[in-house]
Structure formats: C-alpha cells, structure tokens
Amino acid sequence: MKLKFGLSLFFVLIFSCCQAGFSTEYVVHNYDHNYAVTLKKSTDSIAQLKKQIGAFAKNKDYGTAIIHSKKLLKQAQFLADSNHISNAYWRQGYYFKIIDQLDSAYYYLDRSFTINLKLMDSIGAGDRLLDMANIQKSLGDYNGGMITATEGLQYLEGSQEIESVSGLYQTISVCQKELGNYQEALRWSNKIFSLLNQHPSSDISTENMYAMRTTRANILALLGEFKPSFGILDSIAKNTQANNQEQYSRAICNMGHYKWMENKSNPDSESLLLNSLQIRQELNTVSGLISSNVHLAEYYFNSNPPKALAYAQEAMTNSKKLNNSVAILESLDLILPLKKALGQDVSEEAIFYSNVQNKLEKTKQAVRSIYAASKYDNDTLEKKNLLLLAQVAIKEKQKILALSAALFFLALIGFVIYFKNQQKKKEQLETAYKTELRLSKKLHDELGNDIFYLMTQVQKDSPEKPASKDLLILQGLDSIYKRVRDISKEFTAINTGENFGKEFFALLNSYSSTKTKLITKELDPNFWDDISAKAKIEVYRVLQELLVNMKKHSQASLVAITCTKSKKQVTIKYKDNGVGFSLKENYSGNGLKNVENRMRDLKGNINFESKPNEGVTATITFAI
C-alpha cells in the first residue's frame, strides 16, 4: 500500500514539474552550471592560497606558510587534482626543512614523491628524492643519503634536468667525503663537471655552482692536493669579493683552514680565518659563524686552549640557534677535550652530548621508517598497476583473439616475475625490520647500562678527586663511543650485486693513508660473478676486521692484499709489516676468533702467521 502511494506521489510531482515548465534538461543544466561555478571558485582559491603562501615565505613567516599549505592540500584534495596535491605536500616539506623539523619535512616530501610516481612524473619524483637525500645528509645519515640520491638518478640520469642530476651527483660526492671515501668523492665530483662540460648552456644557479666548486676544493685538500684546492678557492674569492660577501667569507675560511692543515705555522691561516669571522658577524649568517668558530677552535686547540674553548662554545651557541644536532655534536667534540685539558668540569657537557646524540638518532630512525614504509606502499602500488594492465589485456581478447591471447600470456608471465620479485622484496623488508629490532635491542642491552652508570657517576657526590672523576667519565664516554662504532660497522649493509667489486675495492682503499700504504690490484670485473652473496659478505667482514685491527694495533706502514681464483677456490692473502703479535697471547684481543668463526660458517679457512715485530700474514681460502 505504501509502495503504491509513493509511486503515485512520484508521478504527481513529475507531472507538476512538467506542467510548470521545468524539464529534466533544465535540471541537469542547472546542476552542471552550479558545479562549474563551484569548481571555478575552488580553482581560484588554490591560486589565491599559493600567492598567500609565497608572501608568508617571503616574510620568513614559515609557520603560517605551513598552515596555508595544509589548506592548499585540502582544496586540492577536494578537486582531486594530483598535481596540486603533490605541490601542497612539497610546500609543507620545504618549509618544515627551513625550520629544521627534518623528520616532518622528510615525511611530506615523501608524500609528494609518491604522488609523482602515480602521475608517472619522473622529473618530479627525482627532484623530491634529491630533497630527501639532502635531509638525510643534514642528519649525518650519509649512507642513507647516498642510497636515496642514487635512486633519484634512476629517474633523472640521461634527462635534460642538468641542475637536478648535478645536484644528485653533488649529494653523493659530499656523503662520500663525510664517510672518508675521498677518492670516491672525487670521482662523483668529476662526474659533475664532466656533465656540465657536455651541457655548457645548462642553467645552473650561481650558488649551486659555487657549492660544487667548493666541495671539489675540500676533497682535493683532504687528499693532500693543496695546490689545485687553493686555486679553486682563490678563484671563488676573487669573483665574489666585490658582490657576494657570503661566498667570499666561505672561500677564505676554507682557504685559511686548509693552509693550516698543510702547514701549522702558515702565517696566512689566522688572518684568513679571523677576516672570514668578521664578515660573517656583519652578515649574521649563523651557519657561517658556526664554521668559522669551529675552524678557529681547531686552529688554537694546541697553542691557546682558552681561546680555542671560547670559539668552540660560540660555535655551540650558534648551533643551538639553528637546532642543528650535527653541528652541536661537532662543537662538543672540541669543548670536551679542551675543558678537560684546562681542568674544568665536563659532566654537564657529557650529559648534553648524550641527549643530543639520542635525539639525532631518533630523528634518523624516524626518517628510515618513513622510507621503509613508503618503499613498501609504492611496491604495492606497482603491483596494483600490473593487475590493472592484465585486466585490460583480457578485455582486448574479446576484440582480437590472437592478439589478446599473446598479450594475456605476456601479462601473466610478467605478473609471475613481478610476484616473485615482490616476494623477495617483502622478505628483504621483513629482514630489515628484524635487523632494526636486533639493533635496537643491542643498543639497549649493550649501551643502556653503561650510560646509566655514567650518569650515576656524574650525579653522585664522590670523595674522589675531580680529576679522577673526570677521567672516569671520559673513559666511560670513550667506551660507549667504541661500542656504538662497532655496532654501526656490524649493521652497515653491503651491496652484493654487480657493484660489489667496486665496494670491495673502496673498502681496501679507505684504509690507505699517509701513514699506511695499502697495495692491491684491481680485479677483473667478472671476478665475483660466480661467488655467493653470503661468501661476499663474510669475506668483506673478515677483511674489514683485519684492517681495523691493523689500524688499531699493527703500526704497519705497508699492507698488501692479493686475490686469486681458480675454478673451485678463491684465495685472498693479507700481509703487513707491522709489529705482529703472539698468536697465543693476543688471540682474542685482535678479534681472530671472530674472523675464524665467519670462515667456519662459510666452510672456508683462515690461517695466521705472525711473530712479534715480524708483521702478520693471513691466508683466506673458500670453495666457490
């Protein structure tokens, strides 16, 4: 009964509308018109929001710029406009980076990157990865920065985006430099200038060009090639003295520092460093002031400790202004030994050092978590896209049977390959997660008690002499540092793919220095092809252990490493001319049990030959 009444009422209403002169066409037209008006208003609102955001940013009101960027995101989401959504995420990431909230910055840049992937915007994706890599570099996560920058090259290398590609090269070069891999850093710097020579008309900003040239000068100086380094810095100084005081102060600051490195009694070093500091004080460039004060603290470290301490403390004050944890730790690395040398209490600085380091590590961990989650989500997106392609292929089958059949089978094969790859990636992700848990537990178990004990020593009243207490604290800090360093080495990932040979060669070269010359021969590119990933990892770790022990204990001036391979076996021979050791007396102290256990797991052998003052010979063998 109710249904009949409802239907009757419906027809009456329709009839009434028709009688009144309204038509369905009018209703539809009116709806379309209203929607178009709303859409135009929304589009106008986006343009207005962008202008407002730009104005706030120009006035350095970054907090308000972030708030309006969030409004922009909501408006873009209402329009379902992916380009504007990506732009809104990028703006938030950009402004969070400026105010040094780097974990938030990384998150929003990653969201922008994901949208660019959906849009198949390879240039936008590459640019966002460059931004993300630079954040990791700022946090001191140099390995992570290199990984992200290298991923960015997959989207941009070979394109006409010369500034972005050179920026990725620059990021990798800086990360390699900070890791102490100076030759590798120079190789990436060479790639920058080779690229620019190939594209002489490319539009590279002046500031970026100065940055890349300065980095190159820094690398050359660290390699001991002071003359070409000074040539670059002197050229920058001459070009900027009249019209770019910020760049000029940076150039003369670096020149003063490296002249001091070359010759501790160089009379020009002090005047260059002090001149740079004066300019930066006038400009009030906080980051520049940090650099000048750090270099002056290093300059006066031995000759005038009180003056050095004053400069180091000024560097820390400015680092706090920027909330720059890496710079704070760098300043404290100078303050702690200087205050100790002057007989001053360091307990407050020691606790502060630990707190800053923990904060920095938490931020790094947050960034790593964002990267891991994003990687998984993007892989899932790719899987969905592949399934969609398969469905399209099935529909085409109904039109042209022969062609659709071929497409279907190709899609099926592709899906199988992709699924297997996805399973492998998922397993890798799970392994990474378990590794992080294991690392977290290791840090808690091995460092937690030490830090608590150290803090207790700092806080308690002790009848001991202050000097004894200070020594106890510093010894505790040194122990914690060594534990952290060892844990870091243990968990550093090793690339066992086609680039393993380069990574292996880089490992050996990283232990060559002015004090210790390491001789080795670059291997055939195919040397590692038929060797398992497990064997590569174990061999890498064994040689790393041997080289670390060499660096710590051997006092060797010469190290030789040779690698040979037969059809069934690989032989690696390590030999140094150091002080040697007694196998019975120093067995555990030199980590020999550890390397023997690794070779035992590999079903291989390592044999040691050594006597006091007669060097060390280690022969590694394992089956292919």
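Residues 917 to 1540, numbered by this note's numbering, are exactly what the sequence shown covers, in order. Just so it is clear, CB atoms sit at the ideal spot from N, CA and C, and this is done for glycine as well.
Considering only the beta carbon of each residue, do VAL1464 and MET1515 sit closer than 8 Å? Translated into the one-based positions of the sequence shown, residue 1464 becomes position 548. Translated into the one-based positions of the sequence shown, residue 1515 becomes position 599. Contact flag unset, no.
Under 8 Å by Cβ, that's how I've got GLN1008 and LYS986 pegged, so tell me the actual separation to the nearest angstrom. For this step, residue 1008 is matched to residue 92 along the sequence shown. For this step, residue 986 is matched to residue 70 along the sequence shown. Yes, GLN1008 and LYS986 are in contact; Cβ-Cβ is about 7 Å, under 8 Å.
Is the number of C-beta pairs between the segment 1142 to 1155 and the segment 1090 to 1106 that are closer than 8 Å three or more? no
Quick check: what's the CA-CA separation for TYR1071 versus VAL1081? Your numbering for residue 1071 matches position 155 in the sequence shown. Your numbering for residue 1081 matches position 165 in the sequence shown. Approximately 9 Å between the Cα atoms of the pair.
Under the three-state reduction of DSSP, which class applies to ILE1015: helix, strand or coil? Numbered from 1 along the sequence shown, position 99 holds the residue referred to as residue 1015. ILE1015: coil per DSSP, three-state reduction.
Alpha carbon to alpha carbon, how far is TYR1010 from TYR1023? Mapped onto the sequence shown, residue 1010 falls at position 94. Mapped onto the sequence shown, residue 1023 falls at position 107. So the alpha carbons of these two residues sit roughly 11 Å apart.
What's the gap between the Cα of LEU1111 and the Cα of SER1426? By 1-based counting over the sequence shown, the position of residue 1111 is 195. By 1-based counting over the sequence shown, the position of residue 1426 is 510. So the two alpha carbons sit approximately 26 Å from each other.
If the criterion is Cβ atoms closer than 8 Å, does the pair ASN1523 and VAL1495 meet it? Residue numbering aside, residue 1523 sits at position 607 when the sequence shown is read from its first letter. Residue numbering aside, residue 1495 sits at position 579 when the sequence shown is read from its first letter. No, the pair does not count as a contact, with Cβ atoms beyond the cut-off.
C-beta contact flag for VAL1283 and ASP1019 at 8 Å: Within the sequence shown, residue 1283 is the residue found at index 367, counting from 1. Within the sequence shown, residue 1019 is the residue found at index 103, counting from 1. Cβ distance < 8 Å, so VAL1283 and ASP1019 count as in contact.
Alpha carbon of ALA1167 to alpha carbon of ALA1137, nearest angstrom: Numbered from 1 along the sequence shown, position 251 holds the residue referred to as residue 1167. Numbered from 1 along the sequence shown, position 221 holds the residue referred to as residue 1137. One C-alpha to the other measures close to 13 Å.
Among ALA1422, ALA1101, SER1526, the one whose alpha carbon lies nearest that of LEU1139: Locating residue 1139 in the sequence shown gives position 223, where the first residue counts as 1. Closest option to LEU1139, Cα to Cα, is ALA1101.
Simplified DSSP assignment, three categories, for SER1151: As a working note, residue 1151 is residue 235 in the sequence shown. It is helical.
Starting from the C-beta of ILE1195, find all residues in its chain whose C-beta is less than 6 Å away, skip the five residues before and the five after it, and write them out in chain order. Position 279 of the sequence shown, counted from the first residue, corresponds to residue 1195. Only GLN1161, SER1165 meet the Cβ criterion.
Within the same chain, show all residues whose beta-carbon is closer than 7 Å to that of SER1428, passing over the 5 residues directly before and after it, in chain order. By 1-based counting over the sequence shown, the position of residue 1428 is 512. Contacts found: LEU1434.
So what's LYS1481 in DSSP terms, helix, strand or just coil? One-based indexing of the sequence shown puts residue 1481 at position 565. Strand.
Between LYS976, ILE982, ASN975, which has its C-alpha nearest LEU965's C-alpha? Taking the first residue of the sequence shown as position 1, residue 965 is located at position 49. It is ILE982 whose Cα lies nearest to the Cα of LEU965.
Residues near TYR1085 by beta carbon distance below 6 Å, same chain, minus five either side: Counting from one through the sequence shown, the residue named residue 1085 turns up at place 169. Same-chain partners within the cutoff: TRP1104, LYS1107, ILE1108.
Below 8 Å on the Cβ atoms is my contact criterion, and I expect LEU1225 with LEU1254 to pass it. Report the Cβ-Cβ distance as a whole number of Å. Within the sequence shown, residue 1225 is the residue found at index 309, counting from 1. Within the sequence shown, residue 1254 is the residue found at index 338, counting from 1. At roughly 4 Å, the Cβ-Cβ gap stays under 8 Å, so LEU1225 and LEU1254 are in contact.
Where do the ends of the alpha helix (DSSP H) carrying GLU1094 lie? Taking the sequence shown and counting its residues from 1, one reaches residue 1094 at position 178. 1078 to 1094 is the extent of the alpha helix (DSSP H) around GLU1094.
Round the Cβ separation of ALA1266 and PRO1221 to the nearest angstrom and send it over; I've been treating them as touching at under 8 Å. Stepping through the sequence shown from its first residue, residue 1266 is reached at position 350. Stepping through the sequence shown from its first residue, residue 1221 is reached at position 305. Incorrect: roughly 18 Å between the Cβ atoms, too far for contact.
Three-way DSSP call (helix, strand, coil) for TYR1456 in this model: Numbered from 1 along the sequence shown, position 540 holds the residue referred to as residue 1456. Three-state DSSP puts TYR1456 in a helix.
Sub-8 Å separation of ILE1001 and ILE1031 beta-carbons: As a working note, residue 1001 is residue 85 in the sequence shown. As a working note, residue 1031 is residue 115 in the sequence shown. Yes, the Cβ-Cβ distance between ILE1001 and ILE1031 is below 8 Å.
Given GLU1414 as reference, the closest of THR1432, THR1430, LYS1437, SER1448 once Cα atoms are compared: Walking along the sequence shown from the start, residue 1414 turns up at place 498. Among THR1432, THR1430, LYS1437, SER1448, the Cα nearest to that of GLU1414 is on SER1448.
Spatial neighbours of LYS1236 in its chain, beta-carbon cut-off 8 Å, leaving aside the 5 residues before and after: The residue labelled residue 1236 in the question sits at position 320 within the sequence shown. ILE1244, listed in sequence order.
Nearest-angstrom Cα separation, counted from ASP1492 out to THR1533: Taking the first residue of the sequence shown as 1, we reach residue 1533 at position 617. Taking the first residue of the sequence shown as 1, we reach residue 1492 at position 576. Their Cα atoms are separated by approximately 7 Å.
According to DSSP, what are the bridge partners of ILE982? Along the sequence shown, read from residue 1 onward, the residue named residue 982 stands at position 66. Answer is none; ILE982 lacks a bridge partner.
Which partner residues does LYS1489 have in the DSSP bridge list? For this step, residue 1489 is matched to residue 573 along the sequence shown. According to DSSP, which records beta bridges pairwise, LYS1489 is partnered with THR1478, THR1535.
Sorted by chain position, which residues of the same chain lie with C-beta nearer than 8 Å to MET1466's C-beta, five sequence neighbours on each side aside? The residue labelled residue 1466 in the question sits at position 550 within the sequence shown. Counting only Cβ-Cβ distances below 8 Å, and skipping sequence neighbours, we find TYR1427, THR1432, ALA1472, VAL1475, ASP1492, GLY1494, VAL1532.
Could you tell me whether the Cβ atoms of TYR1215 and GLU1178 are closer together than 8 Å? In the sequence shown, residue 1215 corresponds to position 299, counting from 1. In the sequence shown, residue 1178 corresponds to position 262, counting from 1. Not closer than 8 Å, so no.
Reference ILE1135, options SER1145, LYS1452, LEU995, closest by Cα: Stepping through the sequence shown from its first residue, residue 1135 is reached at position 219. Checking every option, the nearest Cα to that of ILE1135 belongs to SER1145.
In its own chain, which residues sit with a C-beta less than 7 Å from the C-beta of PHE938, not counting the 5 before and 5 after it? Taking the sequence shown and counting its residues from 1, the one referred to as residue 938 is at position 22. Note on PHE938: pLDDT 42, under 50, position unreliable in the model; the coordinate value appears next. Closer than 7 Å at Cβ, skipping near neighbours: no residue.
With a CB to CB cut of under 6 Å and the five nearest residues on each side skipped, what residues in its chain are close to ILE1536? Position 620 of the sequence shown, counted from the first residue, corresponds to residue 1536. Closer than 6 Å at Cβ, skipping near neighbours: ILE1488, ILE1522.
Please report how far the alpha carbon of SER1504 lies from the alpha carbon of SER1089, in whole angstroms. Position 588 of the sequence shown, counted from the start, is the residue given in the question as residue 1504. Position 173 of the sequence shown, counted from the start, is the residue given in the question as residue 1089. Note that SER1504 has pLDDT 49, beneath the 50 cutoff, so the model's placement of it is unreliable and no number is given.
Please name the residue in LEU1439, LYS974, GLN1052 whose C-alpha comes closest to that of CYS1091. Against the sequence shown, residue 1091 aligns to sequence position 175. It is GLN1052.
Return the CA-CA distance between GLY1096 and GLU1419, expressed in angstroms with no decimal places. Within the sequence shown, numbered from 1, the residue matching residue 1096 stands at position 180. Within the sequence shown, numbered from 1, the residue matching residue 1419 stands at position 503. Approximately 14 Å between the Cα atoms of the pair.
Taking the CB atoms as reference points, tell me whether VAL1210 and SER1247 lie closer together than 8 Å. In the sequence shown, residue 1210 corresponds to position 294, counting from 1. In the sequence shown, residue 1247 corresponds to position 331, counting from 1. Cβ distance < 8 Å, so VAL1210 and SER1247 count as in contact.
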